[in-house]
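Residue numbers (the UniProt record's numbering): 1 to 503. Accompanying notes for the structure given below.
This is the structure we're talking about:
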């Protein structure tokens, strides 16, 4: 709608009077209108200016609450009062109550807010769903983790509380029992190197699996009893942990590994005779403690070089008590199964299955020859097997027992000590258990506190001794299959030491 047009210009209607304004039938106009027409302006004629001012008659403002009111008085045409309404910033409309009033304008910020609101209506439920899902997942994870590290604790085990480790600590110590921490493996399980997170102490952790619940109970009770053994030449059992059907045994960590790696297969580092002799005396001292120095008799049943571990000072420590059995002093052992490693088994043990202190002495004799000669008790040849004790006996029978010494030692050894060890090895390996010395006598011989008798004083001829040993080994090959299944399992399972390789 226009109050000024070309038609009005042509009709020379430059100004709007009241009559013309009324004729236009307009109730409301813009606040003001100013226009300049510079067309058709003569040189001496000024510009034409049209200005329109309007109002609504009335003494009181009738404006919307979001509008400002401008009151006018002394208006033309009768000096009436009037008013005008104007919506405030941020609002649109005419501002009059009788008109469209004022409504809030949709600014860019409002549009952003509306957009954010729409996004929130979509994202917020998803976030809530994710949070709830994470909480559920967290609860399930915690429950599963607790089950993963859950431990079995029975009433009969509570007496051994101080020796019990948390499975979680052992899991962390061994980095989750990863292969790079594996030190050795055998029939009973696996051994891992670990560092306790609470004390930074290096340990060796043996994982033992067992199917029988009753058998596990007896085994744990016996192992924990052995865990109370304390001797400088024994690998200490620091503690244990039970989890479901798994048993974890925690031992002292031996940084120099097992003795056998210094004797066989062209080792990079060999022990000199002084070091070997010290290891021999240390193991003898530890075995004497097992046989006579503790509250019960402990039969180790698996004495061999691979079960002798070397600490940081290269002191020998007898380890791996997985086959050990206990009985009270003055009573007979109750074992009936053959267990041990071929080459270290006494002949009577292979026939009866009964392990005694004298069967341990026999194994110690094989160990003495093993260390002095640098050879295994049985070596498989192309044509026939070589039994170490027979070969050493043949050297003695020829009058040159020192010929049996380890050639890697060259001439760096004490002849008297070497001869003593070789003869003592033969004496301990006697086929007749009654002719073997006790570990107390063995240690006295090694320390020089007791003079060792000549082999001839035993009254056993060369052929008799040789025949007896062959008989023992032949009996083993026949009697083992007829033994119980456990005996066969035990015999094969201990062929390699569980604690070898740096424990």
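All C-beta atoms, glycine included, are put in the ideal place defined by N, C-alpha and C. None of the values given here were measured: they were computed from a predicted structure.
Comparing alpha-carbon positions, the option among 380, 238, 82, 447 lying closest to residue 320 turns out to be 238. DSSP places residue 398 outside any alpha helix (DSSP H), giving it a letter other than H or E. Classified as buried, residue 418 has 16 or more neighbouring CB atoms from the shown chains inside 10 Å of its CB.
Between residue 205 and residue 192 the beta-carbon gap is near 5 Å, inside 8 Å, which marks them as a contact. Runs of the alpha helix (DSSP H) spanning 4 or more residues and lying entirely within the stretch 257-340 occur at 273-288, in chain order.
Between residue 368 and residue 377, the gap from beta carbon to beta carbon reaches 8 Å or more. Where residue 249 is concerned, the enclosing beta strand (DSSP E) starts and stops at 246-252.
Counting along the chain, residue 423 sits inside the alpha helix (DSSP H) bounded by residues 415-428. The alpha carbon of residue 280 has as its nearest neighbour, out of 293, 303, 295, 297, the alpha carbon of 303.
Between residue 273 and residue 414, the C-beta spacing is below 8 Å. A direct Cα-Cα distance of roughly 20 Å separates residue 80 from residue 68. In the DSSP assignment, no residue is bridged to residue 132. Of the candidates 207, 236, 228, 66, the residue whose Cα lies closest to the Cα of residue 242 is 207. Residue environment for residue 227: buried (at least 16 other C-beta atoms within 10 angstroms of its C-beta).
Counting other Cβ atoms within 10 Å of its Cβ, residue 64 reaches 16 or more and is therefore classed as buried. Cα atoms of residue 382 and residue 143: separation of roughly 60 Å, rounded to the nearest angstrom.
By the criterion of a C-beta distance shorter than 7 Å, residue 197 is surrounded in its chain by 169, 172, 173, once the five residues flanking it on both sides are discounted. Here DSSP, grouped into helix, strand and coil, assigns residue 445 to helix.
By the neighbour-count criterion, in which a residue is buried when 16 or more other Cβ atoms sit within 10 angstroms of its Cβ, residue 138 is exposed.
A direct Cα-Cα distance of roughly 12 Å separates residue 115 from residue 123. Ranking 54, 181, 74, 86 by CA distance to the CA of residue 62 puts 86 first. By the neighbour-count definition (other C-beta atoms within 10 Å, threshold 16), residue 57 is an exposed residue. Taken through DSSP and simplified to helix, strand or coil, residue 65 comes out as coil.
Rounded to whole angstroms, the separation of the alpha carbons of residue 285 and residue 446 is 10 Å. For residue 357, the enclosing alpha helix (DSSP H) has its first and last residue at 357-373.
Contact check for residue 258 and residue 308: beta-carbon distance about 6 Å, within the 8 Å limit, so the pair qualifies. Assignment of beta strand (DSSP E) within the stretch 69-128, counting only whole runs of 3 or more residues, yields 82-87 in chain order. Looking at 416, 429, 361, 118, the one whose alpha-carbon comes closest to that of residue 392 is 429. Excluding residues up to 5 positions away in sequence, 82 lie with their Cβ nearer than 6 Å to the Cβ of residue 75 in the same chain. Boundaries of the beta strand (DSSP E) around residue 380: 378-380. Following the DSSP letters along the chain, one finds residue 385 inside the beta strand (DSSP E) bounded by residues 385-387. Secondary-structure assignment with DSSP links residue 229 through no beta bridge to anything. If you compare the alpha carbons of 406, 199, 253 with that of residue 184, the shortest gap goes to 253.
The criterion of a C-beta distance shorter than 8 Å is not satisfied by residue 346 and residue 301. Look at residue 440 here: in three-state DSSP terms it is helix. Excluding residues up to 5 positions away in sequence, 31, 54, 55, 56, 69, 70, 72 lie with their Cβ nearer than 8 Å to the Cβ of residue 84 in the same chain.
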